[in-house]
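Protein chains in written order, with my numbering: chain A, 1 to 113; chain B, 1001 to 1113; chain C, 2001 to 2144; chain D, 3001 to 3144.
Using N, Cα and C, we set each Cβ at its ideal position, and we do this for glycine too.
These numbers were taken from a predicted model, which means no experiment stands behind them.
Everything on this sheet refers to the single structure shown next.
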Amino acid sequence: MSFRATSREITGVMMFDLVGRITLGEGSAMLRDLVREALRGGHNKILMNLSGIDYIDSTGLGELVSAYRLIKSQGGELKLLKLNKKVTDLLQVTKLYTIFDIHNEEAQAIASF
Amino acid sequence: MSFRATSREITGVMMFDLVGRITLGEGSAMLRDLVREALRGGHNKILMNLSGIDYIDSTGLGELVSAYRLIKSQGGELKLLKLNKKVTDLLQVTKLYTIFDIHNEEAQAIASF
Amino acid sequence: MSSKPQRIEIVLETLLESITLAEEVGVRVAAAAGFDEDDQYKIGLAVHEAVMNAFQYGNEQQREKKICVIFELHHEKLVIHVTDQGTGFRLDDVPDPREDENMLVDSGRGVLLMKAFMDEFDVQVGHRGGAEVVMTKHCRTQNT
Amino acid sequence: MSSKPQRIEIVLETLLESITLAEEVGVRVAAAAGFDEDDQYKIGLAVHEAVMNAFQYGNEQQREKKICVIFELHHEKLVIHVTDQGTGFRLDDVPDPREDENMLVDSGRGVLLMKAFMDEFDVQVGHRGGAEVVMTKHCRTQNT
Ligand SMILES: Nc1ncnc2c1ncn2[C@@H]1O[C@H](COP(=O)(O)OP(=O)(O)O)[C@@H](O)[C@H]1O
Ligand SMILES: Nc1ncnc2c1ncn2[C@@H]1O[C@H](COP(=O)(O)OP(=O)(O)O)[C@@H](O)[C@H]1O
Chain A
1 MSFRATSREI TGVMMFDLVG RITLGEGSAM LRDLVREALR GGHNKILMNL SGIDYIDSTG
61 LGELVSAYRL IKSQGGELKL LKLNKKVTDL LQVTKLYTIF DIHNEEAQAI ASF
Chain B
1001 MSFRATSREI TGVMMFDLVG RITLGEGSAM LRDLVREALR GGHNKILMNL SGIDYIDSTG
1061 LGELVSAYRL IKSQGGELKL LKLNKKVTDL LQVTKLYTIF DIHNEEAQAI ASF
Chain C
2001 MSSKPQRIEI VLETLLESIT LAEEVGVRVA AAAGFDEDDQ YKIGLAVHEA VMNAFQYGNE
2061 QQREKKICVI FELHHEKLVI HVTDQGTGFR LDDVPDPRED ENMLVDSGRG VLLMKAFMDE
2121 FDVQVGHRGG AEVVMTKHCR TQNT
Chain D
3001 MSSKPQRIEI VLETLLESIT LAEEVGVRVA AAAGFDEDDQ YKIGLAVHEA VMNAFQYGNE
3061 QQREKKICVI FELHHEKLVI HVTDQGTGFR LDDVPDPRED ENMLVDSGRG VLLMKAFMDE
3121 FDVQVGHRGG AEVVMTKHCR TQNT
């Protein structure tokens, strides 16, 4: 369980590989810090690889929305990569898939920025 | 979880390979039936392979003692094969290792009857 | 399973850890009731959301206040009650986060998830005045 | 972990399934408290035995009677209370199953296992007259 994140820069895009749970107690606050840190470092093209995320609660969904707004407000973009079935379901139920740009291929996602 | 048993006869010894939990709800009653069945079928040299057993409660320990007595009363013998650390601990704490003949090698266990 | 529902009651303090604990018991109870893995996850998430709201809004993170979770395992359904010691809320007052104007708001998706993942969902007034969330999931297949 | 103990209370019916459920919650709480896998197993087995006795002897398998399990997570120890609605029993009346004359008796090893696997073990009279088993396990390493 719990949450783990690693970051790497690929041709100007900051990519986060996220693993575990994004919930009130676990990944949610860390994710917020991660995004702020990236913005502070001048990165505003952010791609979150969610393939390792198997659980998001409403707080985690709220955190994704908050990150989306914050990044956009700084002239950047947040995109999502590789959602599994559970996460896809969550974005469908909440209609959040309508606001996020979602990709299945890393190269394609990077190129889309 | 739960309990599974398979039996095979090897040179006059009835061997039970037991897997799972021997507890009040799970393996205990099945184990009793198994032993009675074997005795009814004329088998009174019984070897229980416990290598797949990872949990025994006090009811399960009682069941082993009960099987031991029943088999003995019918002129037979009950021996145990391959205890893992947890089961060894349980037999030590209860001193039951003093009544059971316990083996680590199948061939040796079979030969000892 | 007999016709009288099996009843499991958990009383938790208002602590962050209580959310996951209740969720895990929920998954465990759902598994015992014969729900498949997908439904176990959905039931667990619904419990997680209900207890999280009790923690945040109902009991306002005041540790001494209690969160009570009751699982009633009927023959053909699982009914879950989550009660807190807050002042309650009305379902009608909760905005729909899927409306355009709410889409970019951080909060407001807990009730939606509970409604989506359970078959029935309602909020009542608990006998001590707090919110009592009552949610039901029907068993798809009958089993023992 | 704060200095005030975290408290989790579970009220169960007198059903076979309650034994494993309480055991699993015990393992979960022990893990959260930082006990290693071996201790988690031992704490789980102790809860299993205590609830099994409440089920069999205390509440005599009468389903309506309740079994209450309380976990108190202190800084340096986990205290577990298991209370039933029977008539109680005295620890002095429980024979030692390791004595030669008891060695081949089927029953009587539950209390022994609880004593062996926990650091402290006692039986009291619950506030409603039933047995209240109180057992404690100390944390070997401090964590959090
Ligand atoms: N247990 C509760 N007690 C009081 N108010 C609650 C409770 N649960 C939910 N609410 C109210 O309902 C609103 C919607 O809750 P929810 O859909 O879970 O979204 P979120 O928790 O993200 O705000 C909350 O903002 C709160 O005002
Ligand atoms: N909750 C209880 N209420 C009443 N009597 C109990 C309770 N728990 C244990 N006892 C008594 O203590 C005895 C020893 O219990 P135990 O060591 O668990 O062994 P076993 O359950 O195998 O008999 C029981 O036989 C019973 O007489």
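Do residue j and residue i count as a contact pair if the criterion is CB distance below 8 Å?
| i | j | result |
| --- | --- | --- |
| V2082(C) | A2054(C) | yes |
| V1035(B) | I1110(B) | no |
| L24(A) | I2019(C) | yes |
| Y68(A) | L78(A) | yes |
| V3111(D) | V3134(D) | no |
| M3118(D) | T3136(D) | yes |
| G20(A) | I53(A) | yes |
| S1007(B) | E1063(B) | no |
| T94(A) | P2097(C) | yes |
| L3084(D) | N3102(D) | Sequence check: residue 3084(D) is Asp here, not Leu. Contact: no. |
| S1066(B) | D3106(D) | yes |
| A2131(C) | F2089(C) | yes |
| Y2041(C) | K72(A) | no |
| L50(A) | L81(A) | yes |
| V2025(C) | V3025(D) | yes |
| F1003(B) | E1037(B) | no |
With which residues is residue i paired in a DSSP beta bridge?
| i | result |
| --- | --- |
| T1011(B) | Paired residue(s): none; T1011(B) is not in a bridge. |
| L3012(D) | I2008(C), I3067(D) |
| A2116(C) | For A2116(C), which the question treats as bridged, DSSP gives no partner whatsoever. |
| F3121(D) | M3135(D) |
| L1081(B) | N1049(B), H1103(B) |
| F979(B) | The shown model of chain B, from 1001 to 1113, leaves out residue 979(B), and the question about it has no answer. |
Is residue i near ligand 1, in the sense that its beta carbon is under 7 Å from a heavy atom of that ligand?
| i | result |
| --- | --- |
| S2107(C) | yes |
| V65(A) | no |
| Y2057(C) | yes |
| D2084(C) | yes |
| E2023(C) | no |
| E2049(C) | yes |
| L2112(C) | yes |
| G75(A) | no |
| V2134(C) | no |
| G25(A) | no |
Indicate, with yes or no, if ligand 2 has a heavy atom lying under 7 Å from the CB of residue i.
| i | result |
| --- | --- |
| F3089(D) | yes |
| E3076(D) | no |
| E2064(C) | no |
| G3126(D) | no |
| A3131(D) | yes |
| S1028(B) | no |
| N3053(D) | yes |
| S1058(B) | yes |
| G3044(D) | no |
| V3094(D) | yes |
| G1042(B) | no |
| G1062(B) | yes |
> Along the chain, which unbroken stretches of the beta strand (DSSP E) at least 3 residues long are found entirely within the stretch 3071-3112 of chain D?
Replying inline: Within the stretch 3071-3112 of chain D, the complete beta strand (DSSP E) runs of at least 3 residues are 3077-3083.
> Which ranges does the alpha helix (DSSP H) cover as unbroken runs of at least 4 residues, wholly within the stretch 1007-1079 of chain B, from first to last along the chain?
Replying inline: Segments of the alpha helix (DSSP H) lying fully in the stretch 1007-1079 of chain B: 1027-1040, 1058-1073.
>> I want to know whether the stretch 2018-2036 of chain C touches the stretch 2109-2126 of chain C - three or more CB-CB distances under 8 Å.
In response: No contact exists between the stretch 2018-2036 of chain C and the stretch 2109-2126 of chain C.
>> Between the stretch 3024-3041 of chain D and the stretch 3066-3079 of chain D, can you find at least three pairs of beta-carbon atoms closer than 8 Å?
In response: Judged by Cβ distances under 8 Å, the stretch 3066-3079 of chain D makes contact with the stretch 3024-3041 of chain D, as three or more pairs qualify.
>> Would you call the stretch 1050-1062 of chain B in contact with the stretch 3041-3060 of chain D, where contact means no fewer than 3 C-beta pairs closer than 8 Å?
In response: Counting Cβ pairs under 8 Å, three or more are found: they touch.
>> Which complete alpha helix (DSSP H) runs does the stretch 2015-2064 of chain C hold, if anything under 4 residues is left out?
In response: Complete alpha helix (DSSP H) runs here, min 4: 2016-2032, 2037-2053.
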